[in-house]
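In this note's numbering, the protein residues as written are 10 to 84.
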Amino acid sequence: MKTEDFDKAFDDGQSVVEHLDLTKARRPNQEQRRVNVDFPAWMVESLDREARRLGVPRQSIIKLWLAERLERQAS
């Protein structure tokens, strides 16, 4: 499919997914990297309580709180 045809189909609201190779798709600045962090036991227990309260995994709480703090620092 030519670029012009792809753009027109997209602009017309047609699905263009079948023309994409999503196996190579990447989200900029969203690549995952593993890090190891040691927390004191009281902190892990607090994180677990909050995670249970919200019904999400501990990792989600950590990511959310770190993201919020980093966004605040950036502004």
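Note that the Cβ used here is the ideal one computed from N, Cα and C, for glycine as well. Computed from a prediction, not measured in an experiment: that's the story for all the values here.
Practice problem: Please report the Cβ distance between VAL25 and ALA18, rounded to the nearest whole angstrom; I am assuming they are in contact, meaning their Cβ atoms lie under 8 Å. | Solution: 5 Å
Quiz item: Quick one: Cα of TRP51 to Cα of SER69, how far?
Solution: 18 Å
Practice problem: Output the boundary residues of the alpha helix (DSSP H) element that contains LEU75. | Solution: 67-83
Practice problem: Measure the C-alpha to C-alpha separation of ARG61 and SER55 and round it to an integer number of angstroms. | Solution: 10 Å
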